[in-house]
Every structure is written in C-alpha cells, then in structure tokens.
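These protein sequence lines map, in sequence, to chains H and Y. Read in order, the letters of the first sequence correspond to residues 315 to 667 in the numbering used here. Read in order, the letters of the second sequence correspond to residues 17 to 128 in the numbering used here. C-beta atoms are modelled at their ideal positions from N, C-alpha and C, and glycine is treated no differently. On a predicted model such as this, the values are computed, not experimentally measured, just so you know. Only one structure is covered here, and it is reproduced in the block below.
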Amino acid sequence: MTKSLFSQASPLAKGEEQIRILNEGSPKLRTLTPFGKKLEPLGLFPLKRTSLEIFQVNVGKMCNQVCKHCHVDAGPDRREIMTRETMLQCLKALKESSAHTVDLTGGAPEMNPDFRWFVEEIRKLDKKVIVRCNLTIILANPSYYDLPEFFKKYQVQVVSSLPYYDKRNTDRQRGDGVFDKSIKALQMLNEVGYGKGGTGLQLDLVYNPTGAFLPGAQEELEADFKRELKTLFGIEFNQLFVITNMPISRFLEYLEQSGNLESYLEKLIAAFNPQAAKGVMCRNTVSIGWDGYVYDCDFNQQLDLPVLSQTQRRLHVAEINWKAFSEETIIINQHCFGCTAGSGSSCGGSLVE
Amino acid sequence: MHNHYYDPEDLKNFGKVTEFEEKMGAKFFEYYQTVFGKGALSAREKSLIALAVAHVVQCPYCIDAYSTDCLEKGANEQQMMEAVHVACAIRGGASLVHATQMMKHVKKVNLP
C-alpha cells in the first residue's frame with residue numbers, strides 16, 4: 315500500500331511548503347491573481363464569518379485507505395488520533411456554540427476508539443451528526459460490521475465518497491478493491507434503511523473528479539449516479555455532493571508530478587464564481603484538529619494555517635470564545651480558489667445551482 | 017526552444033482573433049455560445065459530439081479542450097472512445113462507400 319507523504323518525509327507533508335509552491339512554485343504561479351484580490355471587488359475582503367452552523371471535527375488521520383487525492387494525507391501509517399479528553403473539550407465548546415450540526419471527519423473517523431462514545435455524547439446535546447464514512451471501513455474488520463446499525467440508532471447522516479459509478483475510476487483514485495467493497499457497504503446501509511424514502515436515514519454520496527479537471531453539474535451527475543447504481547447494484551441514496559479537488563497535499567503532489575499544476579490553478583481562477591465566494595463554508599464552519607487546535611476549515615487545518623487567539627497563539631478548542639471567534643478574519647490563500655470555482659465546492663457539495 | 021506549429025498556449029488566445037476582424041469574430045463567438053448553450057441536446061451530448069468532430073477535423077486544440085470538457089460533463093473514458101469510434105466509422109465509411117463507384121467503373125471497363 316502507498317505510504318503517506320508524512321511517512322515518506324516528503325517536503326509536501328508540510329503546509330508551509332505547499333503554500334510556497336502554490337504561490338511561488340514557478341514563474342507563472344507567481345503571476346497568478348491572489349485570492350484576496352478576487353474578493354476585494356465583492357466587498358468580501360477581509361473574509362469574515364457569518365453565524366456558526368457547522369462544528370467540524372477531524373478525529374484523526376488514521377485511515378484504512380490511501381486515496382490519491384486525499385487532502386489530509388491520511389492512511390494506515392498515520393497515528394494522530396483525538397483523545398477522549400480533547401473530545402470532552404470539544405463537547406463543552408459545542409454546547410456553548412450556535413452550531414446545529416457536528417461533521418465528523420478523518421482519516422476514517424470510525425477508527426478512533428472513542429468514536430462511538432463521541433457520537434453518543436454529541437447526540438445528547440441534540441446536535442445533528444454527519445459522519446464522513448469511506449464505506450470500506452464497514453467491511454475492514456468484524457468489529458465495524460454493525461456500523462450501519464449504530465449510525466441508524468443515532469440517526470447519523472452518512473456522507474460517503476464514491477468518485478464514479480464504475481470500478482475503473484473508483485479504484486484508480488481510492489485503491490484496488492475499493493469499489494467492490496464500497497458497493498457492498500452501500501448495500502448494507504440500504505438494508506438498514508439508509509437512502510430509502512420515508513426512513514429519515516440520510517445517505518449522501520460525494521463525487522470528486524478523478525483528475526485535474528473540474529466537476530460537472532451536481533444535478534446531472536446525481537441523476538447518472540442514481541440511475542446507474544440502482545440499475546447495476548440496486549443501490550439507493552439521497553443526494554450527490556459534487557466537490558472540487560483541492561490543490562493541496564497528495565493532489566498537489568500529483569499536479570506537480572503530472573505537469574498539471576499551473577493549468578489547474580489557472581482553471582480554478584478562470585472559473586472563480588462570486589456567488590460561490592459569498593457562500594464558502596469557512597464562513598459558517600469551525601474546524602477542530604485531532605489535537606484540539608482550531609482552524610477555519612479542514613483545508614487550512616491540513617495546511618497548518620491555524621486560527622490565532624487574541625494573543626497571537628494557536629487557539630485551542632478548550633479556550634475558544636465564540637464571540638471573539640466570530641469577529642476574527644478567515645485565513646485565505648491560493649488553495650481557496652478550489653472552493654470558489656464553477657458552482658463552488660464545500661463539504662455539502664456545490665454552493666450555487 | 018521548441019519549434020512547432022501547434023502550441024497549447026495559443027488556445028488561450030482564441031478570443032483574440034477579433035483583433036484583425038472584429039465583427040465576424042464576434043458573430044462567430046456569439047454563435048458558438050448559442051450552439052453550446054441550453055438546447056434539445058444535453059451539455060454532455062454536445063461535448064461528446066464536439067470531441068468526435070475534433071478528431072475528424074484533427075484539431076489538437078479542440079481535442080485537448082473537449083477531452084477535458086467531456087470529463088467535466090461527467091462522461092467516462094469508454095463513452096469518449098465510443099464517440100471517437102463513431103467519428104472514425106463515419107469517416108472510414110465515407111471512404112469505403114466510394115468503392116461502389118470504383119466497382120461500377122471497373123465493371124464498366126472490364127470485359128463481362
């Protein structure tokens with residue numbers, strides 16, 4: 315299995331190096347329009363928050379897959395995992411916040427030994443829970459076979475990546491055998507009622523391009539996925555979220571190695587959509603890292619661009635003051651073009667129709 | 017320095033052809049936009065047709081542009097290759113169908 319950039323001691327494992335490449339990696343990259351310049355005429359610079367709705371927690375970088383586009387650089391060789399103590403600090407901050415939804419991500423969040431306890435505690439606070447489930451984890455070990463039942467018990471919304479409705483494209487991005495296991499896992503989720511009308515059990519899929527191009531229209535792709543998955547495998551799901559590949563981490567490595575970096579960034583910038591810029595998810599989201607530090611979004615988290623406290627130290631979830639947080643400026647850089655291209659991109663898919 | 021007739025960077029300057037003749041160029045781009053706008057065919061169908069035609073007219077700019085565009089419209093490699101085979105079949109067929117004329121002529125000039 316491929317190693318993470320971190321295990322390979324690749325320079326790209328460091329956020330600072332990724333930011334340097336995006337801004338100064340070639341003479342042409344130095345000439346590209348800065349993201350902030352695009353926000354200025356829209357009155358969005360500096361970028362400020364709206365009201366907090368989504369409390370996103372990355373509970374660890376450990377994963378049973380090593381996807382080629384992973385912005386977290388997750389994999390079986392990553393050991394960073396959120397402790398129960400940090401989870402308790404998250405719960406306290408969550409209780410005091412206006413967030414209505416907790417978005418659990420990783421790695422494979424289910425691999426955190428305190429994952430189920432954390433979900434139970436969040437539900438006690440009457441907050442909605444989303445889990446970014448990679449599907450194959452459900453079949454990775456007998457101890458995970460009951461995850462569909464667990465999700466059902468706590469009415470967890472399951473959001474799962476499936477880059478295409480065929481094996482060739484899915485395995486190319488997510489690893490050999492992932493498509494077949496994903497199909498089996500989706501069938502297991504369907505069996506307990508996920509994705510079925512009238513159950514209230516929400517099962518959404520995520521499409522992201524299998525290369526250096528932008529995603530197509532969400533509505534059209536959703537119709538294709540629904541038709542093909544139903545016809546070929548009898549699978550049902552609720553919504554398809556279309557997400558643009560962010561030019562960071564492993565996808566950045568691919569863009570560099572394949573000679574696509576400049577043209578991909580130019581494409582993102584050319585497709586800048588002001589409407590998408592107004593709705594970027596960092597405006598209503600807080601992102602908490604495995605060690606409890608606070609970020610504007612999961613991408614800034616992986617690029618090591620932390621939210622700073624009023625004393626210019628890294629802000630920890632244990633010391634978060636929501637009023638002060640709401641007034642802070644969001645940290646932006648060239649990777650942000652990934653969220654504003656075309657119809658826009660967020661953890662909930664397109665930002666504009 | 018590379019010496020070649022086709023430079024991928026030139027595609028970005030396509031819109032600048034209006035520099036030498038504005039009216040016709042502007043009318044072309046307006047027409048082009050209308051052709052690829054909403055219509056009876058889906059955006060993906062139009063993109064696959066464009067890809068097929070690009071191979072027939074052997075335009076490297078168009079092949080690059082519509083290969084990416086097909087992927088961005090959700091087409092897969094198999095659909096794209098089938099589109100090229102359709103173009104190839106019609107192009108090949110257009111040659112082969114002329115063999116009927118050859119056969120007719122041969123039969124005319126040959127002894128029965």
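Taking CB distances under 7 Å as the criterion, tell me whether aspartate 538(H) reaches chain Y. With 7 Å as the cut-off, aspartate 538(H) counts as an interface residue toward chain Y.
What residue range does the alpha helix (DSSP H) around serine 411(H) cover? Going by DSSP, serine 411(H) is part of no alpha helix (DSSP H) at all; its letter is neither H nor E.
For tyrosine 48(Y), the first and last residue of its enclosing alpha helix (DSSP H): From DSSP, the alpha helix (DSSP H) with tyrosine 48(Y) extends over 38-51.
Where asparagine 574(H) and phenylalanine 527(H) are concerned, what is the direct C-alpha to C-alpha distance, given to the nearest angstrom? Between asparagine 574(H) and phenylalanine 527(H), the C-alpha separation is close to 10 Å.
Short of 9 Å Cβ to Cβ, which residues in the segment 86-114 of chain Y face chain H? Cβ contacts with chain H: Leu87, Glu88, Lys89, Gly90, Ala91, Asn92, Glu93 and Gln94.
Closer than 7 Å, CB to CB, is glycine 530(H) near chain Y or not? Output row for glycine 530(H): interface = yes.
Roughly how many angstroms separate the alpha carbons of lysine 89(Y) and isoleucine 79(Y), rounded to a whole number? Put simply, the backbone Cα of lysine 89(Y) is about 15 Å away from that of isoleucine 79(Y).
Taking only the alpha-carbon atoms, compute the straight-line gap between leucine 408(H) and glycine 507(H) and give it to the nearest angstrom. Near 29 Å, if we compare the C-alpha coordinates of glycine 507(H) and leucine 408(H).
CA nearest to the CA of lysine 581(H), picked from Leu535(H), Trp604(H) and Thr654(H): For the residues Leu535(H), Trp604(H) and Thr654(H), the minimum Cα distance to lysine 581(H) belongs to Thr654(H).
The beta strand (DSSP E) spanning threonine 599(H) covers which residue range? Following the DSSP letters along the chain, one finds threonine 599(H) inside the beta strand (DSSP E) bounded by residues 599-602.
What separation, rounded to the nearest whole angstrom, lies between the Cα atoms of isoleucine 668(H) and glycine 389(H)? The structure shown does not extend to residue 668(H), since chain H is modelled only from 315 through 667, so no value can be given for it.
What residues in the segment 57-85 of chain Y have a beta carbon less than 8 Å from any beta carbon of chain H? Those residues of the segment 57-85 of chain Y that come within reach of chain H (Cβ to Cβ, closer than 8 Å) are Ser58, Ala59, Arg60 and Thr84.
Give the DSSP-derived three-state secondary structure of serine 572(H) in the structure shown. In the structure shown, serine 572(H) sits in coil (DSSP, three-state: anything other than H, G, I, E or B).
Can you tell me where the beta strand (DSSP E) with serine 474(H) in it begins and where it stops? Residues 471-475.
Give the secondary structure of glycine 329(H) by DSSP, where H, G and I count as helix, E and B as strand, and everything else as coil. Reduced to three states, the DSSP call for glycine 329(H) is helix.
Should the segment 542-561 of chain H be regarded as contacting the segment 623-636 of chain H, the criterion being three or more beta carbon pairs within less than 8 Å? Taking one beta carbon from each stretch, the segment 542-561 of chain H and the segment 623-636 of chain H have fewer than 3 pairs nearer than 8 Å; the two do not touch.
Backbone secondary structure at isoleucine 65(Y) - three-state DSSP: In the three-state scheme derived from DSSP, where H, G and I count as helix and E and B as strand, isoleucine 65(Y) is classed as helix.
Can you say whether phenylalanine 352(H) is buried or exposed, counting buried as having 16 or more other CB atoms within 10 angstroms of its CB? Note that residue 352(H) is lysine in the sequence shown, not phenylalanine. By the neighbour-count definition (other C-beta atoms within 10 Å, threshold 16), lysine 352(H) is a buried residue.
According to DSSP, what are the bridge partners of isoleucine 395(H)? Looking at the DSSP assignment, isoleucine 395(H) forms a beta bridge with Gly374(H).
Option nearest phenylalanine 429(H) by Cα separation, candidates Asp391(H), Thr450(H), Tyr468(H) and Leu361(H): Selected option, being the one with the closest Cα: Tyr468(H).
Secondary structure of phenylalanine 493(H), DSSP reduced to three states: In the structure shown, phenylalanine 493(H) sits in a helix (DSSP, three-state: H, G or I).
For the segment 478-492 of chain H, which residues have a beta carbon sitting closer than 8 Å to at least one beta carbon of chain Y? Residues passing the 8 Å Cβ filter: Tyr478, Asp480, Arg482 and Asn483.
Distance cutoff 7 Å, beta carbons only. Does leucine 346(H) sit that close to anything in chain Y? For leucine 346(H), no Cβ of chain Y is located within less than 7 Å of the residue's own Cβ.
Could you tell me the distance, in whole angstroms, from the CA atom of valine 125(Y) to the CA atom of methionine 118(Y)? When only Cα atoms are considered, valine 125(Y) and methionine 118(Y) end up about 11 Å apart.
If contact is defined by three or more beta carbon pairs under 8 Å, each pair taking one atom from either stretch, is the segment 547-554 of chain H in contact with the segment 93-112 of chain Y? No, they do not touch.
Residues sharing a beta bridge with lysine 362(H), DSSP: In the DSSP output, where bridge partners are listed per residue, lysine 362(H) has Thr643(H).
For glutamate 655(H), which three-state DSSP category applies? One detail in the question is off: residue 655(H) reads as alanine in this sequence, not glutamate. Assigned with DSSP and collapsed to three states, alanine 655(H) falls in strand.
By how many angstroms is the C-alpha of glutamate 534(H) removed from the C-alpha of histidine 383(H)? Spanning the two alpha carbons is a distance of roughly 23 Å.
Less than 7 Å separating the beta-carbons of isoleucine 452(H) and leucine 439(H)? In this structure, leucine 439(H) does not lie closer than 7 Å to isoleucine 452(H) by Cβ.
Scan the segment 501-528 of chain H for residues whose Cβ lies nearer than 9 Å to a Cβ of chain Y and list them as they occur along the chain. If the cut-off is 9 Å between Cβ atoms, the segment 501-528 of chain H has Tyr521, Pro523, Thr524, Gly525, Ala526, Phe527 and Leu528 near chain Y.
Three-state secondary structure (DSSP) of lysine 54(Y): Coil.
If cysteine 377(H) and alanine 422(H) are in contact, beta carbons under 8 Å, what's the gap, nearest whole angstrom? Contact between cysteine 377(H) and alanine 422(H) holds: their C-beta atoms lie close to 5 Å from each other, under 8 Å.
Contacts around threonine 313(H), its chain only, beta-carbon distance under 8 Å, and the 5 residues preceding and following it disregarded: Outside the modelled stretch of chain H, which goes from 315 to 667, sits residue 313(H), for which no answer is possible.
According to DSSP, is valine 380(H) helix, strand or coil? Valine 380(H) carries a coil assignment under DSSP once its states are collapsed to helix, strand and coil.
Our contact map puts threonine 419(H) next to asparagine 448(H) with C-beta atoms below 8 Å; I'd like the distance itself, whole angstroms only. Incorrect: roughly 10 Å between the Cβ atoms, too far for contact.
3 or more residues per run - each beta strand (DSSP E) lying fully within the segment 512-554 of chain H: Counting whole runs of 3 or more residues, the segment 512-554 of chain H contains the beta strand (DSSP E) stretches 517-521.
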